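Undergrad:
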C-alpha cells in the first residue's frame, strides 16, 4: 500500500477559539501538526502580552502532549516600540484584520493610513515580526480580495523589509501579486484548493463550505493549485480551519468558516497525489514555512496511507468539511 | 397617508407545488393577484392534458374564491401537433427547463438540438403558445445565465414568430438581449430587484435568499432595476416565488428558492416608490403581461398603503423573504 511521510507539518493559519471549543479542537490539530500559527480573533481580541501568554497556556493545557507548538499572534493595532520589544519573545507574528471583515474582527483596522501605521510596521520590520493580513475590502463579495491588492502593494512598497503574509489567498489576482514584491508571501487553505463558488451555492447551498474569503472562480482555483502544487517558495499551507458549532452553521444566517484541521493532511495528500506532486508536499506543508518564518518545530513524523477514510460526521459538535464522505488518504501513524 | 392602487396584478412566474404545500401557498397568491403563470415542475412534471386539467382543479380547490386565474403551463418536451392542438385551450404557455438545472427539472431538455425541437416550436409559434425558458447552462454559477444567451439567440433566430420569455432574468447580459430580438421577452422577480450575491453570502450565509438563478453582481442589479422601473414594454413581473419547508432551507444542503408571493406587491411598491416610479408599476405588474400574453384577467383592485408592515416569520412553515423585518408598504384592501 502506498504511504507518504511528512516531517513536522505546520498549519500556518489556525483558529482554535477558546474554552470548550478550544478543548475540543486543539487536540485534533496537535495530533497531526508540529505547530500552528494561532489566530488572535477572540472576544476580546488578543492584544496584550498577558493575553498572549494566558491564551498560549490555555492552548497548552488543552493539548494532550508537548509535541505541538502554538505560534502565537497579536491582534494588529498601532503598538508602540516599547510594547513590541516587551512582547517580541512571546509572539511569532501580528495579524491584521480590516475592521468587521470576518468573525470577531470588529476591532480591526478601519482605514489604511500608512503614516499612522508607519511606526508600528517599521518597528515590526526592525524586530523581524511578520505581518499576517486578512486581505479583503468591504466591496462586492467576489471582488473583495482583488480590490485589496492595492493595499498589499502600498504595504509592500512602504515597508520593504517587513514580511507580509497574504493570508488564505483565493484569487489569481493574489497569486499574480506574489512575485511582484520580494516581501510578500502567502498561505493557502486546503479547501481553497478544492472548491469554487459552485460548490458553495451552485447546487444546493452548502453551509459547511461557506467561508471568508469565499471560494472564487474556476480560473482562481487553477491559479492557486498551480503555485501550491509546485510548492512555490513563498507559499505555505495554512488551514484557516475555523470551528463553529453545528447550529451556527445550519441555520438562518450561517457563520463563515470551514473546519478542516483533522482532515487537512489527508486531503492535501489526496490532492498532491492526484496531480503527481506528492514530492512537493513537504515544502508546502512545512519547509517553506520554516524558512519564511525562521522557525524550528519539534520533531514529528506523520505517515499517511493511500486508503479510504470516511470523514466523521462531526468532531464534538463541529461538522468538518466532507462530513460522512470518503477521501483517499488516511493517517497511518504519528511519531 | 399615501396609497397606491394596482389593477389586476399578475404574477407571470409562480410555483404553487402540490398537496399540503399547494393548499398553504395558493391562497396567499390568490389574495393579492388576479392570476399567475403556474410552473409545471411537479414530480412527475405536468406533461399531459390530463395532468394540466387535474392540477388546475387542485389549484382552484385550494383558493378560497374565484377571483384568481391559474394560467397553466406544460413541462416542455418535444410534443407533436396533434397533442398541442388538443391541449392548446388548457394552457397559456409551455415551460422549458434545461435538464437538472433547478428543482424537479430532471426531465428537461438535455441538448438544444434545434432540428429536434423544430416541429414542436414551429407548432407552438403557429398556435400562439409562448415558450417560457429557464435560461441557464450547467457552467460556473455566476456565468450560467450569460452563457445561455447564445441559446436564446438560436431560438429567437430560428423561430422568429415564437414568443420566447426569458424567465427570471438576473444579468445585464439578459437585459442587453431583450431589444436585440423582437420575439424575446422577460420576467423579473422582486428579489432580483433587491439582491446581489453579497446579500446571499457576503455577510452571514442567508439560505432564505438563496435561489436559482442566484443573485448576481451590483451592475446586474442596476441593469434589472433600470428596465423594471421604466416598465420596459417587454418586461413583466414574475415572482418565481418558490416555497420550501423551513427545514429544507435551514439545513446542510439548502434547497434553492425564495418565497415572496405574499409580500411581492408590497415590496414592489416600496422599490418603485423609492425611485419615484410608482406610476410605472401598473405596466410592470399587469399591463405588459396582458398585452404580451393576450390575456384578460378578471377584475381585481389592490390598494396598498405606505406604512410599516412587519413580514410574518413564516406562512404555514414556509419562511418568506425578509421574515420578521419591516417593509414600507402594506396591502390596505383588495376588491
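Residue numbers (my numbering), protein chains in the order written: chain H, 934 to 1268; chain B, 934 to 1268. Glycine included, each C-beta is placed from N, C-alpha and C at the ideal position. All values derive from a computational prediction rather than experimental measurement.
Measuring only between beta-carbons, confirm whether residue 888 (chain B) sits less than 8 Å from chain H.
TA: Any question about residue 888 (chain B) goes unanswered here, given that chain B covers just 934 to 1268.
Undergrad: Can you find a CB in chain H that lies within less than 8 Å of the CB of residue 1129 (chain B)?
TA: So, interface residue.
Undergrad: With respect to the beta strand (DSSP E) encompassing residue 1003 (chain H), which residues constitute its N-terminal and C-terminal limits?
TA: Here the beta strand (DSSP E) through residue 1003 (chain H) covers 1002-1008.
Undergrad: Residues of the segment 1145-1164 of chain H in Cβ contact with chain B at a cutoff of 7 Å, in chain order, please.
TA: Per Cβ criterion, the list reads 1147, 1150, 1151.
Undergrad: Strictly below 7 Å CB to CB, what residues from chain H border residue 1184 (chain B)?
TA: Result: 1183.
Undergrad: Mind checking if residue 1075 (chain B) is an interface residue toward chain H, Cβ cutoff 8 Å exclusive?
TA: Interface residue, yes.
Undergrad: CA-CA distance, residue 973 (chain B) and residue 1171 (chain B)?
TA: Distance between the alpha carbons of residue 973 (chain B) and residue 1171 (chain B) is about 15 Å.
Undergrad: Would the beta-carbon of residue 1233 (chain B) fall within 8 Å of that of residue 1267 (chain B)?
TA: Yes, these two residues count as a Cβ contact at 8 Å.
Undergrad: Less than 8 Å between the beta carbons of residue 1087 (chain H) and residue 1126 (chain H), yes or no?
TA: Contact flag unset, no.
Undergrad: Am I right that residue 1082 (chain B) and residue 1107 (chain B) are in contact with their C-beta atoms under 8 Å? What's the rounded C-beta distance?
TA: That belief holds up - the Cβ atoms of residue 1082 (chain B) and residue 1107 (chain B) are roughly 7 Å apart, short of 8 Å.
Undergrad: Jot down the residue ranges of each uninterrupted beta strand (DSSP E) in the segment 959-995 of chain H, minimum 3 residues, whole runs only, in chain order.
TA: 968-971, all fully within the segment 959-995 of chain H.
Undergrad: Taking 8 Å as the CB-CB cut-off, is residue 1065 (chain H) touching chain B?
TA: For residue 1065 (chain H), the answer is no, since every Cβ of chain B falls outside 8 Å of its Cβ.
Undergrad: Within the same chain, show all residues whose beta-carbon is closer than 8 Å to that of residue 1213 (chain B), passing over the 5 residues directly before and after it, in chain order.
TA: Cβ within range, chain order: 1162, 1163, 1164, 1205.
Undergrad: According to the Cβ coordinates, are residue 937 (chain B) and residue 1142 (chain B) closer than 8 Å?
TA: Not in contact: residue 937 (chain B) and residue 1142 (chain B) (Cβ atoms no closer than 8 Å).
Undergrad: Run through chain H and tell me which residues come within less than 7 Å of residue 1135 (chain B), C-beta to C-beta.
TA: Per Cβ cutoff of 7 Å: 1074.
Undergrad: Use the C-beta contact count for residue 948 (chain H): other C-beta atoms within 10 angstroms, 16 or more gives buried, fewer gives exposed.
TA: Label assigned to residue 948 (chain H): buried.
Undergrad: Identify each residue in the segment 1077-1093 of chain B for which the Cβ-Cβ distance to at least one residue of chain H is less than 7 Å, and report them in chain order.
TA: Result list empty, no residue passes.
Undergrad: Give every residue of the same chain whose Cβ lies closer than 7 Å to the Cβ of residue 1058 (chain B), excluding the five residues on either side of it in the sequence, and list them in chain order.
TA: Excluding residues within five positions, the ones whose Cβ falls inside 7 Å are 1092, 1094, 1095.
Undergrad: Does the structure place the segment 1190-1208 of chain H close enough to the segment 1246-1257 of chain H that three or more beta carbon pairs sit under 8 Å?
TA: The answer is yes - the segment 1190-1208 of chain H touches the segment 1246-1257 of chain H, with three or more Cβ pairs under 8 Å.
Undergrad: What in chain B is Cβ-close to residue 1143 (chain H), meaning under 8 Å?
TA: Correct list: 1134, 1138.
Undergrad: Got a sec? Which residues, its chain only, sit under 7 Å from residue 1166 (chain H) by beta carbon, not counting five neighbours each side?
TA: Correct list, in chain order: 1221.
Undergrad: Compute the Euclidean distance between the alpha carbons of residue 1100 (chain B) and residue 1001 (chain B), then round it to the nearest angstrom.
TA: Those two C-alpha atoms are separated by around 22 Å.
Undergrad: For chain B, check one thing: does any of its Cβ atoms lie closer than 8 Å to the Cβ of residue 1175 (chain H)?
TA: Answer no: the Cβ-Cβ gap between residue 1175 (chain H) and chain B never drops below 8 Å.
Undergrad: Can you find a C-beta in chain H that's less than 8 Å from the C-beta of residue 1259 (chain B)?
TA: Chain H, which has no Cβ nearer than 8 Å to the Cβ of residue 1259 (chain B), makes this no.
Undergrad: Using a Cβ cut-off of 8 Å (strictly closer), state whether residue 1106 (chain H) contacts chain B.
TA: Not closer than 8 Å to any Cβ of chain B, the Cβ of residue 1106 (chain H) fails to qualify, so no.
Undergrad: Let me know the secondary structure DSSP gives residue 1195 (chain H) once reduced to three states.
TA: In the structure shown, residue 1195 (chain H) sits in a helix (DSSP, three-state: H, G or I).
Undergrad: Rounding to the nearest angstrom, what Cα-Cα distance links residue 1146 (chain B) and residue 1247 (chain B) in this structure?
TA: Rounded to whole angstroms, residue 1146 (chain B) to residue 1247 (chain B) spans 23 Å at the Cα level.
Undergrad: Kindly indicate if chain H contains any beta-carbon less than 8 Å away from that of residue 1032 (chain B).
TA: Output row for residue 1032 (chain B): interface = no.
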